[in-house]
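Beneath this line is the structure, given in structure tokens, with notes to follow.
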Amino acid sequence: MQRPTRRRAAGAAATTLTACSLFAAATLPAAAMTVTFIRHAESQGNASGYIDTSTPGPHLTNDQVNQNGGPNGQQQAIDWTNTQCPTAECTKYDALYASTMIRTQETAAPFAAKRGLPVTVLGTFDPDNPQRNSGVQEISAGIFEGLPESEGIGRIGYILAPLAWTMGLQFVPIPGGENGLEFNERVTNALEDVESDTTDTNGDGDIDAAVFSHGATIMMWTMMNVDNPNLLLIVQHPLNNTDTVVVEKNDDGSWTLKEWAGQEVGPANYPTQMFVNVRDLIVAPQKAIYNMRIPVLSLDAQGIVTTGAQGIQDVAEAGVKFVKDSVTDTVNAITGIPGSLGQSTSQVSKLSTPKAVTATAAPSIEAATADTKAAVETVSENAQSVLEKTTEPIKAKIASARTANGATKLADGNKAEPGKPAAAVRDRVNRAAGDVRSGIESSAQQARDAVKKLTGADKSAKAEKSDSTAKPKAKTKDAA
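Residue numbers (this note's numbering): 50 to 529.
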């Protein structure tokens, strides 16, 4: 009788330990992901002075000196390796990746040998998903391929469209090349592969990947995606061969720029925050339209309905996020600066104003701040409520569209009542878009009221200060 009891006890203990392990694994925060981009060493294309974005492209230079009198490309790769790993034992980076171009793979080779890690090429053909766009190769130069880099129309023409991408105009194409939506999609997909394939091999608790890529690709993708971009870095500090850029992925999926060519980069200021808010807002509809290309060109009725509904949802979420982030950033900027109210309090104290007056000015600031923060929370809650109400029907339609029979499954020969399911979804989408527009307008109005409340408190406090300083002067005059 004891053996079954012991078995039960052992089974219960094992079940408990397993449950505890699974719970601990689920509750532990995911390892932070840091990506270090490394521009390749000098290539024969760099030495020639002509634009070369073809794949696989030329090798690294192997002359005794490069075009500027320094080490050649192969020596630059060795020097960078020794800088990163000055000792024989090297544990830096958990995984190494390179583009499909020879120059990045040759740049990574010395470090890979010293670190003892393989180099994974990003952007190779995936037979399981042939339509997937992925890779960190150089931006295609299109009609500017083969033109001089430092003079003529090629110098400006090649970089003009990518600069527009960094400002949110991702639909602009390089003539004969790719547009910003295609470029951003392939690099972002490649980084998703990096995240899924990289493990913490050095045991530091973080995922730290090294990606050997190209100057324009690194600079443009970084400024298109990080939440603290500084577009002047592209002009004032363009990346040289073997320069690095470090970005970190946040919990919400956004990216933050940490280092640029060895220099630390700080958080975004208020103008930059507002720029990012606008950038992300205008990119959303461009991306929604771009995603429609495959189902439309494939004449996939079901795909058109599903992708269109998803695009409406994404644009709605971007609008709500814009209102929420803009209000939050504005309030934080106002309350985080010692502004005119704080300076007025200091000036009042220098005028020997009674403490009672100073004491009444401070609470007004705190009250205004509290009211404004409460208003921001209300805006966020209302915006989220509107988003949930309007997107739930769309999500339901997306799910039903995948399994429903009818006019969308033309391949099966079912062509009865064509257009009816699509018309129903179109009506639902139109109503949802109207609700989203009304919700965003309501949230924006509450945001304006919140800012007015804070600025009104500012004026009130200034008036109190003015009255308090005027009264002592009157008393002095009477005494005289």
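Virtual Cβ for every residue (Gly too), placed ideally from N, Cα, C.
In this text the structure is predicted, and so the values were computed from the model without any measurement.
Confirm, please, whether the CB-CB distance from residue j to residue i is below 9 Å.
i                 : j                 : result
tyrosine 99       : leucine 166       : no
isoleucine 188    : alanine 96        : no
glutamine 154     : phenylalanine 261 : yes
tryptophan 304    : aspartate 276     : yes
valine 296        : threonine 83      : yes
alanine 144       : threonine 247     : yes
leucine 282       : leucine 212       : no
arginine 235      : glycine 315       : no
histidine 108     : glycine 119       : no
glycine 217       : valine 332        : yes
glycine 203       : arginine 152      : no
threonine 377     : methionine 323    : no
alanine 161       : tryptophan 129    : no
phenylalanine 174 : isoleucine 338    : no
Which of helix, strand or coil does DSSP assign to residue i?
i                 : result
phenylalanine 371 : helix
valine 221        : coil
glycine 229       : helix
glutamate 297     : strand
threonine 247     : coil
proline 211       : helix
proline 344       : helix
glutamine 359     : helix
glutamate 234     : helix
lysine 336        : helix
glutamate 241     : helix
proline 197       : strand
alanine 519       : Reliability fails at alanine 519, whose pLDDT of 47 lies under 50, so the model's placement of it is uncertain and the value that follows must be treated cautiously. In the structure shown, alanine 519 sits in a helix (DSSP, three-state: H, G or I).
valine 376        : helix
valine 275        : strand
glutamine 186     : coil
glutamine 180     : coil
threonine 291     : coil
Hey, out of the options, whose CA is closest to residue i's CA?
i                 : options                        : result
leucine 330       : Asn274, Pro176, Ala162, Pro222 : Asn274
isoleucine 87     : Val369, Arg181, Asn289, Ala337 : Asn289
glycine 360       : Arg235, Ile205, Asn340         : Asn340
aspartate 292     : Gly368, Ser303, Met268, Gly229 : Met268
tyrosine 142      : Gly118, Asp112, Ile256, Asn381 : Ile256
glycine 191       : Gly225, Ser199, Met82          : Gly225
alanine 382       : Pro278, Thr271, Thr321         : Thr321
serine 103        : His89, Pro135, Gln186          : Gln186
proline 159       : Ile127, Leu171, Arg152         : Ile127
alanine 365       : Ser347, Lys336, Asp349         : Lys336
threonine 169     : Met150, Asn182, Arg181         : Met150
aspartate 249     : Val380, Thr140, Glu241         : Thr140
tyrosine 146      : Glu138, Lys307, Thr156         : Thr156
alanine 81        : Thr110, Val345, Gln219, Asn299 : Asn299
asparagine 178    : Pro107, Gly106, Asn238         : Asn238
isoleucine 343    : Asn318, Asn182, Gly172, Asp112 : Asn182
leucine 230       : Val354, Pro334, Val376         : Pro334
proline 287       : Asp374, Lys373, Val372, Ile208 : Ile208
aspartate 242     : Thr384, Gly94, Ser148          : Ser148
valine 327        : Gly385, Glu198, Val372, Gly201 : Val372
leucine 171       : Asp349, Ser245, Val354, Glu194 : Ser245
alanine 138       : Lys163, Gln124, Gln125         : Reading the sequence as shown, one finds glutamate at residue 138 and not alanine. Among Lys163, Gln124, Gln125, the Cα nearest to that of glutamate 138 belongs to Lys163.
alanine 259       : Val294, Phe193, Trp214, Ala317 : Val294
phenylalanine 193 : Glu313, Leu346, Pro222         : Pro222
serine 375        : Val325, Ala350, Ala210         : Val325
glutamine 180     : Gly302, Gly206, Thr85, Ser347  : Ser347
lysine 370        : Thr110, Glu200, Asp301         : Asp301
Which residue marks the beginning of the beta strand (DSSP E) containing residue i, and which one marks its end?
i             : result
isoleucine 87 : 82-88
valine 260    : 256-262
glutamate 308 : 304-309
alanine 147   : 144-147
threonine 169 : 168-170
Between which two residues does the alpha helix (DSSP H) holding residue i run?
i              : result
isoleucine 151 : 151-164
valine 284     : 281-285
Residue ranges of each alpha helix (DSSP H) run of no fewer than 4 residues wholly in the region 88-140, ordered along the chain? 93-97, 122-133
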